Amino acid sequence: MSISRADKGGFADWWFTVDKVALGAMAGLIAIGLMLGFAASLAITGGPLTAGDFHYAIRQLAYALVALCILGGVSLLSLRQVKIAAAIIFALALVGSGMVLLVGEAILGAKRELSFGLFNLQPSEFLKPGFAVLAATVLADRKPLPLPKPVMTFLLILPAIMILLRQPDVGQTGLLLSLWAAMLFFAGLQLYWVGILGAVSAALGFLAYEIFPHVHHRVEQFLSESDIGYQAGLALKAFAHGGLSGVGPGAGTVKYRIPDAHSDYVFAVAGEEFGLLLCAVIACLFCVLTVRLLLRAANSRDPFSQLAGAGLGLVTGLQAFINMGVAVSLLPAKGMTLPFISYGGSSLFSIALSMGFALAVTRQRPQLHTRVTTTTLRVRTA
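First residue of the sequence shown: 15, per my numbering; consecutive thereafter.
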């Protein structure tokens, strides 16, 4: 079956306007995530001497199928529909994050998830795509607003920040603030304001270090020369054990001792069983995806598409960088998932939504230009 550019159907229009390079990178990351899901599931459900099962891998496969439907469906939306969907998602995520404080179960001193019986949902994961599109809508609006646009976008994000700090989730707070600052930069914020924002960010980071004990502990552990931490130490052993090409699928042993091997430290599982080669492939795919979305956004003629596409691409790349940086001990420990790859419905659904929005706003339809020739010109005579 072939698809022609002359076809007027919805799928044909989508196929010839969507970014296939970015779509291919996403498909590759999802496939790698499923493969690593089977490797990590054995570590979570079993041990070196006890047989595990593929419980988490099967659930991950089901989540991936739903995520693919979200990704494909959202990428079909028009720009107006993207804005409406983002507003609804952001509002629901904000309400859900607030409900977590009231009815969520505390895990390791933090409340972040709502339980729905068969699965848990982390509403804060959906704040990022919703805010990226809403901020782009405000910043790209040419109509005069009651307040300066940077202030308007900050007022949008302020309730989310207050709720996240109460959970507490310092990592998601920092990611949202980074997204906000990046959106302002893309919108043409003057450099001296960029410097001021950088100084304020440094001050907020120091306050988090002083106020939150777990942040203080992780930073001190990261800076320590003798105690790098239990998880970080095991992750480094996993990378050392895997070497260049890995020990082979299912042959890893260090992974059985790594907490959250299926989620926060799935990159270490990739390093042990498939070596530096697969880790390099994962990093390259994220680079291709991020740069491709930034380029497509830059080439767009619509200011909203430029800002939304750039923001969504950047925040995804930044989250991947943080997760991989933590796994190789380049950054302090932080419970942040690796997009497309880490286990969890919230992680997969939110990244599918983000990339669906990104594909939708960066679709490039051919522009039809009318050619004016001298034979069609009529000279009006008196």
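Ideal Cβ placement from N, Cα and C applies to all residues, glycine included.
Note that the coordinates shown come from a computational prediction; the quantities given were computed from them, not determined experimentally.
Starting from Val295, follow the alpha helix (DSSP H) in both directions and report where the run begins and ends.
-> 280 to 313
Should Asp155 be labelled buried (16 or more other beta-carbon atoms within 10 Å of its own) or exposed?
-> exposed
Where the alpha helix (DSSP H) containing His276 begins and where it ends | Element bounds for His276: n/a, residue is neither H nor E.
By the 10 Å Cβ neighbour count, where 16 or more other Cβ atoms means buried, how is Asp67 classified, buried or exposed?
-> exposed
Close-in-space but distant-in-sequence residues of the same chain around Val261 (CB under 7 Å, 5 per side omitted) | His255, Glu286, Glu287
For Pro182, does the count of other Cβ atoms within 10 angstroms reach 16, so buried, or fall short, so exposed?
-> buried
Please work out which residues of its chain come closer than 7 Å, Cβ to Cβ, to Leu248, disregarding the five sequence neighbours upstream and downstream, and give them in chain order.
-> Val268, Arg271, Ile272
What whole-angstrom Cβ distance do Thr187 and Leu179 have, given they're in contact under 8 Å?
-> 6 Å
DSSP-derived helix/strand/coil call for Ala100 = helix
So, using beta-carbon positions, are Phe281 and Ala213 closer together than 7 Å?
-> no
Sequence-distant residues of its chain with Cβ nearer than 7 Å to Leu321 (five each side left out) = Ala150, Leu153, Ala154, Met197, Phe200, Ala201
Run through DSSP, which three-state label would Leu352 get?
-> coil
Of the residues Leu56, Leu116, Gly112, the one placed nearest Met176, counting alpha carbons only = Gly112
Among the residues of its own chain, which have a CB less than 6 Å from the CB of Gly47, if the five just before and after it don't count?
-> Phe354, Ile355
Nearest-angstrom Cα distance between Ser399 and Tyr357?
-> With the chain represented from 15 up to 396, any question about residue 399 goes unanswered, as that position is not in the structure.
Report back the beta-carbon spacing between Val302 and Ala39 to the nearest angstrom; my notes put them in contact at under 8 Å.
-> 5 Å
Is it a yes or a no for the stretch 367 to 374 touching the stretch 89 to 97, going by three-plus beta-carbon pairs under 8 Å?
-> yes
Proximal residues to Pro143 (C-beta, below 6 Å), its chain only, five neighbours per side dropped = Leu367, Ser368, Phe371
On the three-state DSSP scale, how would you describe Leu132?
-> coil
Which word fits Thr64, buried or exposed, when buried means at least 16 other C-beta atoms lie within 10 angstroms of its C-beta?
-> exposed
For Ala124, name the three-state secondary structure that DSSP assigns.
-> strand
Residue range of the alpha helix (DSSP H) that includes Ser361 = 359 to 375
Under the three-state reduction of DSSP, which class applies to Ile171: helix, strand or coil?
-> helix
Hey, could you find the ends of the alpha helix (DSSP H) Leu159 is sitting in?
-> Run containing Leu159: none; DSSP gives neither H nor E here.
Spatial distance of Lys97 from Leu148 (CA atoms) | 7 Å
By DSSP, does Asp27 sit in helix, in strand, or in coil?
-> helix
Check each candidate in Gly86, Ala99, Ala76, Arg94 and name the one with the smallest Cα separation from Asp316.
-> Arg94
Using three-state DSSP, classify Ser319 as helix, strand or coil.
-> helix
From what residue to what residue does the alpha helix (DSSP H) around Ala249 run?
-> 244 to 256
For Leu75 and Gly264, believed in contact at Cβ under 8 Å, the rounded distance = So it is not a contact: roughly 17 Å between Cβ atoms.
Distance between beta carbons of Ala312 and Gly327, contact taken as under 8 Å = Not really, about 10 Å apart at Cβ, beyond 8 Å.
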